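Student:
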Amino acid sequence: MRKLPTLKAVRAFEAASRLGSIQQAADELRVTPSAVSHQIRFLEEEIGARLFHRAHRSIILTDVGRRYATEIGRALSQIEDATRNVRRGERSDILSIHVVPSLATQWLMPRISRFSEINAEIDLRLHASNNTIDLNSGTLDLAIQYGTALQQSGTVVEPFPNETIVALCSPRFLEGAHPLREPADLVHHQLIHSEVNLFGWPEWQKRHPGVRLNLDRGPRFDRSFMSISAAVDGRGVCLESLLLVEREIKSGSLVAPFGMEGPQMICHSLVYLKASEQLPKITSFRHWLFSELGNLNRSAGPGDTIRPPRALSRLTSPNPG
């Protein structure tokens, strides 16, 4: 059984600490000042700590009271938000998804409206960052991560299909004094480096030992979408997953000078809590996501498959405890 103080006492303390006045707290709560004082004293007895310094008609938070007021204020705000969400009406389900920025920009955003069209009862909340997230905190429902990371307890990891990695450049590189037609021609062109990619130019050169590359030169970015944008602008040749450049390939703003075949690897994965696996909003998004990804392997050319550690199959970690 939870050992919680009464909500009436908590509200009295929160109002008094926020307003700095027993009288103003009483006015807000529509009770008498003595009732507010009584509830605060009851709360102090309940938790065994003094929350206010009292001098004449003024009150000042103690150090304990200041810390408690911060936590109580945050908790009441969460209750207020939860109540507001329940009152929203017909759109009762909110799906919060954490996505790495490049996949969000290059792949998810151009097609997420399709999910909303067939799941009108679900409101989406997308959060794009490379920050480490904790699904057990309860603020997020799903995460799409890049690469491999230590699996959190109680989670399920579903890898995306293999992604094909190819060299990409502006079509203007196919012409000019040094047209880019085969790997050896890269010696005449600047390389664009995606610093956090699982497969970069150093790995590419190991697979093409006869090709000379100047790996020390060229712009460097920590986001694939920036490398792709630089390649579209003609700043050099990038090495990226075909999954991320579907629009650029279709529009002709990028071409694959050496063809659409290349090494294949598992780059992204979907992560969610095992306890949430059967929630309708989770199953709806999973089914939609992997349906959208379904043509990936069929459209990719043949190539060697490179699998990062722990990304071979659907992984389920044990529940906490």
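The sequence shown runs contiguously to residue 1331 in my numbering.
Beta carbons: idealized from backbone N, C-alpha and C, even for Gly.
Model, not experiment: these values are computed from the prediction.
(1) Work out the CA separation of Leu1223 and Glu1192 for me, nearest whole Å.
(2) Between Trp1214 and Pro1273, what straight-line distance do the alpha-carbon atoms span, to the nearest angstrom?
(3) Give the range of the alpha helix (DSSP H) segment to which Ala1241 is assigned.
(4) Please name the residue, chosen from Ile1057, Arg1051 and Glu1056, that lies closest to His1063 on a Cα-to-Cα basis.
(5) How would you call Asp1151, buried or exposed, if buried means at least 16 neighbouring beta carbons within 10 angstroms?
(6) Could you spell out where the alpha helix (DSSP H) holding Ile1202 opens and where it closes?
(7) Could you tell me the distance, in whole angstroms, from the CA atom of Thr1158 to the CA atom of Asp1226?
(8) Helix, strand or coil, according to DSSP, for Cys1179 in the structure here?
(9) For a test of the three-state rule: what should DSSP assign to Arg1028, helix, strand or coil?
(10) May I ask you to report which of helix, strand or coil DSSP gives Gln1116?
(11) Please say whether Asn1141 and Ser1294 have beta carbons closer to each other than 8 angstroms?
(12) Name the residue from Val1109, Ser1180 and Glu1055 whose alpha carbon lies nearest to the alpha carbon of Phe1263.
(13) With distances taken between CB atoms, is the gap from Ala1059 to Val1046 smaller than 8 angstroms?
(14) Return the bridge partner residues of Ile1104 from the DSSP annotation.
(15) Do Gly1228 and His1203 come within 8 angstroms of each other at the CB atom, strictly closer than that value?
(16) Which residues share a DSSP beta bridge with Val1247?
(17) Using DSSP bridges, identify the partner residues of Glu1173.
(18) Can you look up Ala1079 in the DSSP assignment and give me helix, strand or coil?
(19) For a test of your reading of the model: does the CB of Ala1138 fall under 7 angstroms from any non-hydrogen atom of the ligand GTP? Yes or no.
(20) Can you pull the DSSP bridge partners for Ser1068?
Tutor: On the basis of the coordinates in this document:
(1) Working through the sequence shown from its first residue, we reach residue 1192 at position 182. Working through the sequence shown from its first residue, we reach residue 1223 at position 213. Going by the C-alpha atoms only, they are around 13 angstroms apart.
(2) Working through the sequence shown from its first residue, we reach residue 1214 at position 204. Working through the sequence shown from its first residue, we reach residue 1273 at position 263. Each residue's Cα considered, the two are about 9 angstroms apart.
(3) The residue labelled residue 1241 in the question sits at position 231 within the sequence shown. Counted as a single uninterrupted DSSP element, the alpha helix (DSSP H) harbouring Ala1241 occupies residues Ser1234 to Val1242.
(4) In the sequence shown, counting from the first residue as 1, residue 1063 sits at position 53. That would be Arg1051, whose Cα lies nearest to the Cα of His1063.
(5) Translated into the one-based positions of the sequence shown, residue 1151 becomes position 141. It is buried - the Cβ of Asp1151 has at least 16 other Cβ atoms within 10 Å.
(6) Within the sequence shown, numbered from 1, the residue matching residue 1202 stands at position 192. In the DSSP assignment, Ile1202 falls outside any alpha helix (DSSP H), carrying neither H nor E.
(7) Position 148 of the sequence shown, counted from the first residue, corresponds to residue 1158. Position 216 of the sequence shown, counted from the first residue, corresponds to residue 1226. Their backbone Cα atoms lie some 26 angstroms apart in a straight line.
(8) Mapped onto the sequence shown, residue 1179 falls at position 169. Reduced to three states, the DSSP call for Cys1179 is strand.
(9) Here residue 1028 corresponds to residue number 18 of the sequence shown, with the count starting at 1. Helix.
(10) On the sequence shown, residue 1116 is found 106 positions in, with the first residue counted as 1. The answer is helix: DSSP assigns Gln1116 an H, G or I state.
(11) Reading the sequence shown from its first residue, position 284 is the one you call residue 1294. Reading the sequence shown from its first residue, position 131 is the one you call residue 1141. With a cutoff of 8 angstroms on beta-carbon distance, Ser1294 and Asn1141 are scored as not near each other.
(12) In the sequence shown, the residue the question calls residue 1263 occupies position 253. Sequence check: residue 1263 is Ser here, not Phe. It is Ser1180.
(13) Working through the sequence shown from its first residue, we reach residue 1059 at position 49. Working through the sequence shown from its first residue, we reach residue 1046 at position 36. Result no, Cβ atoms of Ala1059 and Val1046 do not sit closer than 8 angstroms.
(14) The sequence position of residue 1104 within the sequence shown is 94, counting from 1. According to DSSP, Ile1104 bridges with Asp1133.
(15) As a first step, residue 1203 is located in the sequence shown; it is residue number 193 there, counting from the start. As a first step, residue 1228 is located in the sequence shown; it is residue number 218 there, counting from the start. Yes, the pair counts as a contact, with Cβ atoms nearer than the cut-off.
(16) Sequence index remark: in the sequence shown, residue 1247 carries index 237 (1-based). Per the DSSP secondary-structure output, Val1247 pairs in a beta bridge with Leu1201.
(17) Numbered from 1 along the sequence shown, position 163 holds the residue referred to as residue 1173. Looking at the DSSP assignment, Glu1173 forms a beta bridge with Met1275.
(18) Here residue 1079 refers to the residue found at position 69 of the sequence shown. Residue state, collapsed to three classes: helix.
(19) As for the ligand GTP, it is missing from this structure, which has no ligand bound.
(20) Here residue 1068 is taken as the residue at index 58 of the sequence shown, counted from 1. According to DSSP, Ser1068 bridges with Ala1065.
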